[in-house]
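Accompanying notes for the structure given below.
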Amino acid sequence: MISSHPSSTPASTLSIDRAEQLKQEIIDFIYDTEGEGAVALEQYSARLLKQPNPGNWPNRELLLTRFMVEDQTLGETPLETFIQHHPQLSPMEQQLIRGWTDAIVSLFEITEVLENGDYQLCNWLTQRSYQVHLGHVSPEIQARLQPQEICLVQIAPFTSDRWMVLTKPVLLGRLGKPKLAVAIGNFRQCYRRYLYSDAPDLLEESWRSVEQQYQASQEFFGSTIVTLPGRQLNQRLKAFQDHLSDQQLQKAQVSADEIVEDALSEAEDTLTETENQQLKTAKASKMVIPPMELPPNLQQAEEVTMLTHPRWGQCFLASYAPLERYLQSGKGYSIEQATQSLKKLLNDPAVPVFVFHHLAEKYPSALQALFQQTLEQPSFTLAQLDEYLYTLGKSLEPELPDTASVPLHLHELFQEAFVAVSKAQAKKTKPSEAKGFKRR
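Its first residue numbered 307, the sequence shown is counted upward by one per residue in my numbering.
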């Protein structure tokens, strides 16, 4: 477990009560803002509320604090705007507030209750550890704040070695591995922006895997866009994953050999402390390619199109090929079918913007006409495409895709959860021993 410290170091002479008071003053300031600031909050809220929330986690408070530290619609964050409107703030208070732009949203496990009333939290996504003051909570919540409790919470720097919360913790319970794996999967869908945000090494390695998969996919499939029957594509994906795994093993072997060779060149019998740390780092940062398998409904589809992008990763669509044929020739779909197909793609959070960009590049006139029909807006042009996609909650910047490599500890968790669920299902389907006259 890695202990983490804020990148900024607000002065420790401020009390935690003053820090919480400042947070509330900023929230009140945001609510009282009129004009462009109010519009920015309304648009930000509307967009995020359209994004998936499969865990049904309370998100109103988190939505507001995320706006507070993230949004730059007006050229700066609301935190900075608050500072500019309050010149009486001390340098320490300004430094504290600006440090909140390093806030982290994640699933944390309580690992220890400290004597001073703080809690030691471990970020399950990255295994980074934090000393956190969890704020004033109800007695019912306080009673549940015990080791092994999993919580969704946003934390922000308070001092160089202490953090505070910007939201009340959402307690998920002492989760077994299957439920924890589901919670992490839900988190990935809701908060992609914060995946590995406190572990730049893991984040960089995960992004690198997306680029590597893109290049390998071009070589393996011969194209960035492939359309096959669902079952056949699923088989090809498994073969592709085996190909990637072989490449990864070869690279890992080369890296291990290089480390050993470097170590042996420095000492004949034992590894130095630095070299031992290199080995530990290499092991700790190991990333694993997640399983590549189409969901059952796509496996049964007559044709599925796989689109691959160097930043957005892979996207699998059963409706892409017939829609493309319609845009290309006007055949295969009626106008009603085409508009329904486009609506489905637009409303599916899993369909990234690069799919629409690709169609716009290949069939600009036909796609623009279809958008005009679908939206019932004859004046709509493709120049408005990104703005419209943004209002639907779609990110215009690439977000780490599900196909990106994951840290080893998460891969092992998902595997163990799968085994546990499989065993439970096997027990349910196992025929019970016959009794009475049915026994032989």
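Glycine residues also receive a C-beta, built at the ideal position from the N, C-alpha and C atoms. Treat the numbers as computed from the prediction; the structure is a model and nothing was measured.
- Tell whether a beta-carbon distance below 7 Å holds between I461 and V438. yes
- Query: At a cut of 8 Å, does the region 480-489 reach the region 384-400 through at least three beta carbon pairs?
  - Reply: no
- Task: Would you kindly work out how many angstroms separate the C-alpha atoms of E340 and G636, rounded to a whole number?
- Result: Cα to Cα, the separation comes out at about 48 Å.
- Could you tell me if I490 is buried or exposed, where buried requires 16 or more neighbouring beta carbons within 10 angstroms of its beta carbon? Classification for I490: buried.
- Task: Return the residue from the list T709, H715 and L714 that minimises the CA-CA distance to R514.
- Result: Cα-wise, what sits closest to R514 is T709.
- Query: Would you report the Cα separation of T697 and E348, rounded to the nearest angstrom?
  - Reply: 11 Å
- With 16 as the cutoff for other CB atoms within 10 Å, does H442 come out buried or exposed? exposed
- Does the separation of the CB atoms of S647 and S625 fall below 7 Å? yes
- Kindly indicate which three-state DSSP category S591 falls into: helix, strand or coil? Note on S591: pLDDT 46, under 50, position unreliable in the model; no value is reported.
- DSSP state of S412 mapped onto helix, strand, coil: strand
- Message: Taking its Cβ as the centre, do 16 or more other Cβ atoms sit within 10 Å of N653, making it buried, or is it exposed?
- Response: exposed
- Message: Which of the three DSSP states is assigned to Y626 in this structure?
- Response: In this structure, Y626 counts as helix in the three-state DSSP scheme.
- Item | Contact set for L719: own chain, Cβ-Cβ below 7 Å, skip 5 residues either direction | K483, L486 and A487
- Query: L420 to L451, Cα distance in whole Å?
  - Reply: 11 Å
- Message: With three or more C-beta pairs closer than 8 Å as the rule, is the region 508-525 touching the region 536-555?
- Response: yes
- Query: Which first and last residues belong to the alpha helix (DSSP H) in which S640 is found?
  - Reply: Here S640 belongs to no alpha helix (DSSP H), and DSSP marks it neither H nor E.
- Message: What does the alpha-carbon distance come out to for the pair A691 and D377?
- Response: In the sequence as displayed, the identity of residue 691 is Leu instead of Ala. Whole-angstrom Cα-Cα distance: 21 Å.
- Item | Close-in-space but distant-in-sequence residues of the same chain around Q678 (CB under 6 Å, 5 per side omitted) | Closer than 6 Å at Cβ, skipping near neighbours: P684 and F686.
- Message: So, at 8 Å on beta carbons, what are the nonlocal neighbours of S321 in its own chain, with the 5 sequence-adjacent residues on each side left out?
- Response: none
- Task: Identify, in the order they occur along the chain, each residue of the same chain with its Cβ nearer than 7 Å to the Cβ of R631, setting aside the five sequence neighbours on each side.
- Result: K637 and G638
- Message: Taking the straight line between their C-alpha atoms, what separation do you get for I565 and T319?
- Response: A caution first: I565 carries a pLDDT of 46, below 50, which makes its placement in the model too unreliable to give a value.
- Residue range of the beta strand (DSSP E) that includes H615: V610 to H615
- Query: Would you report the Cα separation of F662 and A545, rounded to the nearest angstrom?
  - Reply: 28 Å
- Message: Less than 7 Å between C-beta atoms, sequence neighbours within five positions excluded: which residues of the same chain meet that for R498?
- Response: E705 and L706, listed in sequence order.
- Message: Please classify Y337 as buried or exposed, where buried requires at least 16 neighbouring CB atoms within 10 angstroms.
- Response: Exposed.
- Measure the alpha-carbon distance for M598 versus L543 and round it to whole angstroms. The alpha-carbon atoms of M598 and L543 are separated by roughly 6 Å.
- Query: Based on Cα-Cα distance, which residue from P397, L676, T407 and L355 lies nearest to W469?
  - Reply: T407
- Item | Separation of A675 from S640, as counted between CA atoms | 14 Å
- Item | Residues of its chain near C428, where Cβ-Cβ distance is below 7 Å and the 5 sequence neighbours each way are ignored | M307, F414, E415, T417 and S435
- CA-to-CA distance, Q721 to S396, given in whole angstroms: 51 Å
- Query: According to the neighbour-count rule (16 or more other Cβ atoms, all chains shown, within 10 Å of its Cβ), is E342 buried or exposed?
  - Reply: Burial call: exposed.
- For V296, does the count of other Cβ atoms within 10 angstroms reach 16, so buried, or fall short, so exposed? Only positions 307 to 746 of the chain appear in the structure, and residue 296 is not among them; the question remains open.
- Message: Just list the residues that DSSP pairs Q620 with in beta bridges.
- Response: T614
- Would you identify the three-state DSSP class for S435, choosing helix, strand or coil? Of the three classes helix, strand and coil, the one that applies to S435 here is strand, per DSSP.
- Item | M460 (DSSP reduced to helix, strand or coil) | Checking the displayed sequence, the identity of residue 460 turns out to be Gln instead of Met. Q460 falls in the strand class under three-state DSSP.
- Roughly how many angstroms lie between the CA atoms of L440 and Y425, to the nearest whole one? Near 7 Å, if we compare the C-alpha coordinates of Y425 and L440.
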